[in-house]
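Engineer: I have a structure here, written as structure tokens, and I will follow up with some questions on it.
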Amino acid sequence: KQEVTQIPAALSVPEGENLVLNCSFTDSAIYNLQWFRQDPGKGLTSLLLIQSSQREQTSGRLNASLDKSSGRSTLYIAASQPGDSATYLCAVIPNTGTASKLTFGTGTRLQVTL
Amino acid sequence: KAGVTQTPRYLIKTRGQQVTLSCSPISGHRSVSWYQQTPGQGLQFLFEYFSETQRNKGNFPGRFSGRQFSNSRSEMNVSTLELGDSALYLCASSLIDRDNEQFFGPGTRLTVL
């Protein structure tokens, strides 16, 4: 059974810092991995999708990498801003079938302070 | 392009009642998935529909059911509500299948008293 873990569970950084969020998964047979952010009481906002054949994806100040063999993905946020404060979730899709079932990580709650 | 919409946004029900939640995917998207989010269990997959057929199902009791219509809109139903069903129910849509990025709606907050 796939298990997805995110470390740290919570993180507080001052504005302007670069930071790295970690995501680990136990079964390396994944099809793709997606990063989301969730603001309190709200739905999920998609940040980046990394296909299994890719090693990284970039969008603005965000860069996500994927190392399937080691079961790890990292989300790098450059020059953090207070608006980045949210919970960040990674999710994987298994390498079987065509269904879009996401298995989510436990999340990292990020606070960026002024 | 409009995002994923879910109605209602908030619901309060009592134990034993049933409830129906609705999800309208992004225009052109044919896959709709449902997730339950609770503080204790996190985000858990309920089921996925594609072309009006259930393509995958999570480990939830039969009280949880869903369907998809020809216009890709989806509904999920929970019968005989229990206190533990209180959660944020999220709907996600994607173009076709696992190749495609998934987009989530704002969720329906269900409270069971």
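The listed protein sequences derive, respectively, from chains H and U. Quick note on my numbering: the first sequence kicks off at 40 and runs consecutively. Quick note on my numbering: the second sequence kicks off at 147 and runs consecutively. Beta carbons: idealized from backbone N, C-alpha and C, even for Gly.
In three-state terms, what does DSSP make of L229 of chain U?
Structural biologist: Within the second sequence, residue 229 of chain U is the residue found at index 83, counting from 1. Secondary structure at L229 of chain U: helix, using DSSP grouped into helix, strand and coil.
Engineer: Would you mind stating whether A103 of chain H and L87 of chain H have Cβ atoms separated by less than 7 Å?
Structural biologist: Within the first sequence, numbered from 1, the residue matching residue 103 of chain H stands at position 64. Within the first sequence, numbered from 1, the residue matching residue 87 of chain H stands at position 48. Yes.
Engineer: Please go through the segment 170-195 of chain U and give each complete beta strand (DSSP E) segment of 3 or more residues, from N-terminal end onward.
Structural biologist: Entirely contained in the segment 170-195 of chain U, the beta strand (DSSP E) runs reaching 3 residues are, in chain order, 177-184.
Engineer: Please report the straight-line C-alpha distance between T147 of chain H and S51 of chain H, rounded to a whole angstrom.
Structural biologist: Within the first sequence, residue 147 of chain H is the residue found at index 108, counting from 1. Within the first sequence, residue 51 of chain H is the residue found at index 12, counting from 1. If you take the alpha carbons of T147 of chain H and S51 of chain H, they lie about 10 Å apart.
Engineer: Is the segment 162-172 of chain U touching the segment 188-199 of chain U, taking contact as three or more C-beta pairs under 8 Å?
Structural biologist: no
Engineer: Quick check on the DSSP output: what are the complete alpha helix (DSSP H) runs of length 4 or more inside the segment 65-139 of chain H, in order along the chain?
Structural biologist: none
Engineer: For F64 of chain H, decide whether its Cβ has a neighbour in chain U, counting only Cβ atoms nearer than 7 Å.
Structural biologist: Stepping through the first sequence from its first residue, residue 64 of chain H is reached at position 25. Not one chain U Cβ lies under 7 Å of F64 of chain H.
Engineer: Mind checking the segment 226-252 of chain U against chain H and listing, in chain order, the residues whose C-beta falls within less than 7 Å of any C-beta there?
Structural biologist: L236, S240, D243, R244, E247, Q248, F249, F250, G251, P252
Engineer: May I ask you to report which of helix, strand or coil DSSP gives A238 of chain U?
Structural biologist: Position 92 of the second sequence, counting from 1, holds the residue named residue 238 of chain U. Looking at A238 of chain U - three-state DSSP - the assignment turns out to be strand.
Engineer: Return the CA-CA distance between Q73 of chain H and A125 of chain H, expressed in angstroms with no decimal places.
Structural biologist: On the first sequence, residue 73 of chain H is found 34 positions in, with the first residue counted as 1. On the first sequence, residue 125 of chain H is found 86 positions in, with the first residue counted as 1. Going by the C-alpha atoms only, they are around 16 Å apart.
Engineer: Below 8 Å on C-beta distance, what does T145 of chain H contact in chain U?
Structural biologist: As a first step, residue 145 of chain H must be located in the first sequence, where it is residue number 106. Neighbours of T145 of chain H on chain U, chain order: G188.
Engineer: Taking its Cβ as the centre, do 16 or more other Cβ atoms sit within 10 Å of E194 of chain U, making it buried, or is it exposed?
Structural biologist: Stepping through the second sequence from its first residue, residue 194 of chain U is reached at position 48. Buried is the call here.
Engineer: Which stretch, first to last residue, makes up the beta strand (DSSP E) that contains E221 of chain U?
Structural biologist: On the second sequence, position 75 is the one that residue 221 of chain U refers to. First-last of the beta strand (DSSP E) with E221 of chain U: 220-224.
Engineer: So S177 of chain U packs on S240 of chain U, CB below 8 Å; how close in whole Å?
Structural biologist: Position 31 of the second sequence, counting from 1, holds the residue named residue 177 of chain U. Position 94 of the second sequence, counting from 1, holds the residue named residue 240 of chain U. The pair is a contact, with the Cβ atoms about 5 Å apart (cut-off 8 Å).
Engineer: Under 8 Å between beta-carbons, which chain U residues line up against Q41 of chain H? List them in chain order, please.
Structural biologist: What you label residue 41 of chain H is simply residue 2 of the first sequence in a count that begins at 1. Chain U residues near Q41 of chain H: none, gap ~11 Å exceeds 8 Å.
Engineer: Roughly how far, in whole angstroms, is the beta-carbon of S91 of chain H from the beta-carbon of N134 of chain H, given that I think they are within contact range, below 8 Å?
Structural biologist: The residue you call residue 91 of chain H lines up with position 52 of the first sequence. The residue you call residue 134 of chain H lines up with position 95 of the first sequence. Yes, they are in contact, since the Cβ atoms of S91 of chain H and N134 of chain H sit about 7 Å apart, within 8 Å.
Engineer: Output, in chain order, the set of chain H residues within a Cβ distance shorter than 9 Å of E194 of chain U.
Structural biologist: Locating residue 194 of chain U in the second sequence gives position 48, counting from the first residue. Within 9 Å Cβ-Cβ: A138, S139, K140.
Engineer: Check the Cβ-Cβ distances between S91 of chain H and every residue of chain U, and say whether any is below 7 Å.
Structural biologist: Counting from 1 along the first sequence, the entry for residue 91 of chain H is found at position 52. No, S91 of chain H does not count as interfacial toward chain U.
Engineer: Suppose the cutoff is 7 Å on Cβ atoms and the five residues either side in sequence are ignored; what does the same chain contact list for P47 of chain H look like?
Structural biologist: For the purposes of this step, residue 47 of chain H is taken as residue 8 along the first sequence, with counting starting at 1. Around P47 of chain H, the same chain offers T147 as residues with beta carbons nearer than 7 Å, after the five sequence neighbours per side are excluded.
Engineer: Might you give, ordered along the chain, the residues of its own chain that have their beta carbon closer than 6 Å to the beta carbon of R219 of chain U, omitting 5 neighbours on each side?
Structural biologist: Locating residue 219 of chain U in the second sequence gives position 73, where the first residue counts as 1. The answer, listed in chain order, is S170.
Engineer: Kindly say whether Y115 of chain H, judged by its beta-carbon, lies nearer than 7 Å to any beta-carbon of chain U.
Structural biologist: Your numbering for residue 115 of chain H matches position 76 in the first sequence. No, no contact with chain U.
Engineer: Taking the straight line between their C-alpha atoms, what separation do you get for T160 of chain U and G212 of chain U?
Structural biologist: Residue numbering aside, residue 160 of chain U sits at position 14 when the second sequence is read from its first letter. Residue numbering aside, residue 212 of chain U sits at position 66 when the second sequence is read from its first letter. Each residue's Cα considered, the two are about 21 Å apart.
Engineer: Beta strand (DSSP E) containing L149 of chain H: first to last residue?
Structural biologist: Counted from its first residue, the first sequence places residue 149 of chain H at position 110. Taken as a continuous stretch (DSSP letters only), the beta strand (DSSP E) holding L149 of chain H covers 147-152.
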